[in-house]
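Data first, discussion second: the structure below is written as C-alpha cells.
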Amino acid sequence: MSFSGLLDRTAEKLSLTSFDQSWSDSLRSSIFLKPVFGLFEAVQRMMPQDLGRIGSILQKMAFGLSVLLFGLIGLPQFASDKFALAIVIIAGLGLWIFGRLLGGSERRDFSAYDAIVLAYLAANVIATFASHYFTPSLKGLGKVVVYIGSYFLFTAVFAHNMKRKLMVLGMVLACGVALSLYGFYQYKIGVAPLATWEDPTVEGGGGTRIFATLGNPNLLAGLLVPLAPLAMGLGLGFLFDSGNKPLFKAGALIAVGASGILALASVLTQSRGGFLGLAAGFGVILYIGCVWVWVNHKKMRTAVIGGAVVLVVAAAAAVVLIPSINQRVSSIFAGREHSSNSYRMNVYSSSLKMFKDNWWIGTGPGNETFRLAYGLYMVSSYDALGTYCVPLEVAVETGIPGLLAFIAMLGCAGAKAHVKFWGKAEGGDQSPSMTSRWVAGGLAAALMGLIVHGMVDTVFYRPQVHFLFWLIIALLVTSDEPKSSTGSGNSIKTA
0 MSFSGLLDRT AEKLSLTSFD QSWSDSLRSS IFLKPVFGLF EAVQRMMPQD
50 LGRIGSILQK MAFGLSVLLF GLIGLPQFAS DKFALAIVII AGLGLWIFGR
100 LLGGSERRDF SAYDAIVLAY LAANVIATFA SHYFTPSLKG LGKVVVYIGS
150 YFLFTAVFAH NMKRKLMVLG MVLACGVALS LYGFYQYKIG VAPLATWEDP
200 TVEGGGGTRI FATLGNPNLL AGLLVPLAPL AMGLGLGFLF DSGNKPLFKA
250 GALIAVGASG ILALASVLTQ SRGGFLGLAA GFGVILYIGC VWVWVNHKKM
300 RTAVIGGAVV LVVAAAAAVV LIPSINQRVS SIFAGREHSS NSYRMNVYSS
350 SLKMFKDNWW IGTGPGNETF RLAYGLYMVS SYDALGTYCV PLEVAVETGI
400 PGLLAFIAML GCAGAKAHVK FWGKAEGGDQ SPSMTSRWVA GGLAAALMGL
450 IVHGMVDTVF YRPQVHFLFW LIIALLVTSD EPKSSTGSGN SIKTA
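Using numbering that gives the first Met the number 0, you'd call the opening residue of the sequence shown number 0 and step up by one each time.
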C-alpha cells in the first residue's frame with residue numbers, strides 16, 4: 000500500500016465515521032438516556048399533529064440565531080457583555096429542541112464525535128465537583144456547558160446543508176472584514192493604544208496596533224487569523240467550481256479579496272501569536288493546494304510550486320524589510336530579554352507545577368478558579384488570567400482525562416477534514432463539489448491557525464474566539480451532503 004493510501008486509511012479510521020451508527024444505537028439504549036428519549040417521544044406523541052409546521056419554523060429561527068450570533072460578535076457592546084452572546088445560544092438551542100418536540104422536520108443524528116465532546120464535558124464536570132474552589136468552578140462549568148451547547152446547536156442546524164454552511168461563513172467573514180476595515184481606519188489615524196502591549200526596551204515602540212471594536216489587538220487577531228485562510232479556501236472552492244458560472248467567479252474574487260483584507264488586518268494587530276497562527280493557517284492551505292495540484296494537475300506542478308516558493312519568499316522579505324514587523328517577529332526569539340516573553344515563561348513554569356499537583360482531575364474549570372489556584376504557585380508580582388497555552392490550560396483545569404478528550408477532538412476533526420478533502424461524496428462514487436472540498440481545507444487551516452495562536456495567548460477562551468472554534472468543529476464534523484443521499488460514511492479515494 001502506498002503512503003497516501005495508508006494516510007487515507009488512517010484518517011478514515013480516526014474520523015470515527017464508521018462508529019456513528021453503533022454509537023447512536025448505544026446512546027439510545029443506555030440505562031441513563033433511554034428514559035429521557037422515551038419521555039421526549041411520549042410528549043411528542045401527545046402534541047397535535049398539525050403543529051409540525053410551527054416546529055419547523057422554530058427550528059429555522061434557531062438557524063437564524065446561529066447565523067446572527069456571528070454578526071454580533073464584532074459589535075463593541077459584546078466585547079464586554081459576554082452574557083448576551085450566551086443568551087443567543089441558549090435561545091437558539093431552546094427553539095430547536097422545542098421545534099423538534101412539536102414535530103419539526105429537522106432531525107439531529109448522533110455521531111461518534113459526540114462521544115468525544117461528552118467525554119470532554121464529563122471531565123469538566125468531574126473537575127468541578129472535585130475542586131477545592133467549587134463555586135467559581137461551577138461558574139466555569141456553566142460557560143463550558145454553553146460552549147458545548149453551541150456545538151450541539153451548530154451540528155443540528157448546519158448538518159447536511161451546504162447552503163446554510165455558506166451562509167454562516169458569509170456572515171462571519173463579513174463581520175471579520177468589517178472589523179478589518181475599521182482597523183485600517185485606526186491605523187490611518189494612528190489610534191492610541193488602550194494599554195501597553197509591547198516592551199519599548201526591545202522594540203522601540205511607536206507602532207500602531209489596531210484593535211477595532213474589541214479593545215485588544217490580540218483578541219482581534221484571535222478572531223481574524225482563522226478567518227483569513229478560511230476565506231482563501233472558500234475562494235479556491237468557488238474558483239474551481241465556477242466553470243461558466245459568473246456568480247461563482249464573482250464569489251471567488253470576493254472571498255480571495257476578503258482573505259487578503261483579513262490577513263493584512265491580522266498583521267496590523269502586530270500580535271506575535273497572531274503572526275504564528277497566520278503562518279500556520281496559510282501554511283496548511285499552501286500545503287494542501289500544492290499536494291492537490293501535484294496529484295491531480297501534473298502539467299501545473301512547476302507553476303504552482305514556483306508560485307508557492309515566491310509567496311513564501313515574499314512573506315519572509317516583508318518580515319525582514321518592514322521594521323515594525325521585523326521587531327515584533329524578532330522579539331519572539333528574544334527569550335527573557337523581552338518582558339512579555341519573560342512573563343509567559345513564569346506563567347508556564349507556575350502552571351506546570353499546578354498540573355503536576357493536580358494531574359488527575361485538575362483544579363476545576365474557569366478563569367476565576369485558575370486565578371485562585373494560581374496564587375499558590377505564581378512567581379511574586381506575576382498574576383495571570385490563564386496559562387497562555389491552550390493544551391496546558393485544559394490540562395490544569397481538567398487533568399489528563401480532559402486533555403486526552405481535547406486532543407481527541409482536534410485529531411478526529413483533522414481526520415474528518417482529510418476525509419472530506421480527499422474522499423468521495425457520502426453514499427456514492429461521486430466526488431464532492433470543489434466548494435465543499437476546499438471549504439473543508441479552509442476549515443482545517445482555520446483550526447490550525449486558531450490553535451497555534453492559542454499556544455501562546457489567552458484569547459482562545461474569549462467568547463468571540465471560542466464560539467468560532469466550536470463553529471469550525473461543527474462544520475468539519477457534519478456532512479455537507481443532503482441527508483437523503485448519505486450512506487454509511489465517507490469512502491476514501493487513494494491518490
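We put the beta carbon where it would ideally sit given N, CA and C, even for glycine.
What you are looking at is a predicted structure, and each value in this text was computed from that prediction instead of being measured.
Item, Value
"First through last residue of the alpha helix (DSSP H) which encompasses Gly306", "Arg300 to Leu320"
"Under the three-state DSSP convention, the category Gly51 falls into", "helix"
"Length-filtered (4 minimum) alpha helix (DSSP H) runs lying within the segment 324-366", "338-356"
"First and last residue of the uninterrupted alpha helix (DSSP H) at His159", "Counting along the chain, His159 falls outside any alpha helix (DSSP H), and DSSP gives it neither H nor E."
"Given Ala155 as reference, the closest of Asn345, His131 and Phe109 once Cα atoms are compared", "Phe109"
"Proximity below 8 Å, CB of Leu473 to CB of Phe237", "One point to set straight first is that residue 473 is Ala, not Leu, in the sequence displayed. No, Cβ-Cβ distance for Ala473 and Phe237 is not below 8 Å."
"Three-state class that DSSP yields for Gly288 in the structure shown", "helix"
"Alpha-carbon spacing of Asp24 relative to Tyr112, whole angstroms", "14 Å"
"Presumed contact (8 Å Cβ cut-off) between Phe459 and Ser149, rounded CB distance", "Going by Cβ atoms, the distance from Phe459 to Ser149 rounds to 15 Å, so no, they are not a contact pair."
"For Ala83, the nearest candidate out of Ala251, Lys415, Ser341 and Leu68 (CA to CA)", "Leu68"
"Contact set for Val396: own chain, Cβ-Cβ below 8 Å, skip 5 residues either direction", "As written in the sequence, residue 396 is Glu, which differs from the Val given in the question. Excluding sequence neighbours, Glu396 sits near Asn123, Ala126, Gly139, Gly361, Thr362, Gly363, Pro364, Gly365, Thr368 and Phe369."
"8 Å CB neighbourhood of Ala177 in its chain, flanking five on each side removed", "Gly73"
"Whole-Å CB distance - Ser432 paired with Asp240, under 8 Å assumed", "6 Å"
"Reduced DSSP secondary structure (H/G/I, E/B, other) of Thr9", "helix"
"Inter-stretch contact (C-beta, 8 Å, three-pair minimum) for the segment 273-285 and the segment 438-454", "yes"
"From Ile253, Ser21, Gly4 and Phe133, residue whose alpha carbon lies closest to that of Ala372", "Phe133"
"The segment 168-176 contacting the segment 184-193, beta-carbon criterion three pairs below 8 Å", "no"
"Beta-carbon gap between Asn357 and Tyr381 smaller than 8 Å", "no"
"Asp24: first and last residue of the uninterrupted alpha helix (DSSP H) it sits in", "Asp19 to Ser28"
"Limits of the unbroken alpha helix (DSSP H) element including Ala111", "Ala111 to Phe128"
"Beta-carbon gap between Gly221 and Arg461 smaller than 8 Å", "yes"
"Coil, strand or helix - Ser149 by DSSP", "helix"
"For Arg106, three-class secondary structure by DSSP", "coil"
"CA nearest to the CA of Trp437, picked from Ser348, Val255, Leu152 and Ser270", "Val255"
"Pair within 8 Å by beta-carbon distance, Ala10 and Val418", "yes"
"Own chain residues within Cβ distance below 7 Å of Ser265, not counting five before or after", "Ala220, Leu223, Val224, Ala227, Gly273 and Leu277"
"Candidates Tyr119, Ala407, Gly334 and Ala78, of which the one nearest Tyr146 by Cα", "Tyr119"
"7 Å Cβ shell around Ala404 - same chain, five flanking residues per side excluded", "Ile115, Ala118, Tyr119 and Ala122"
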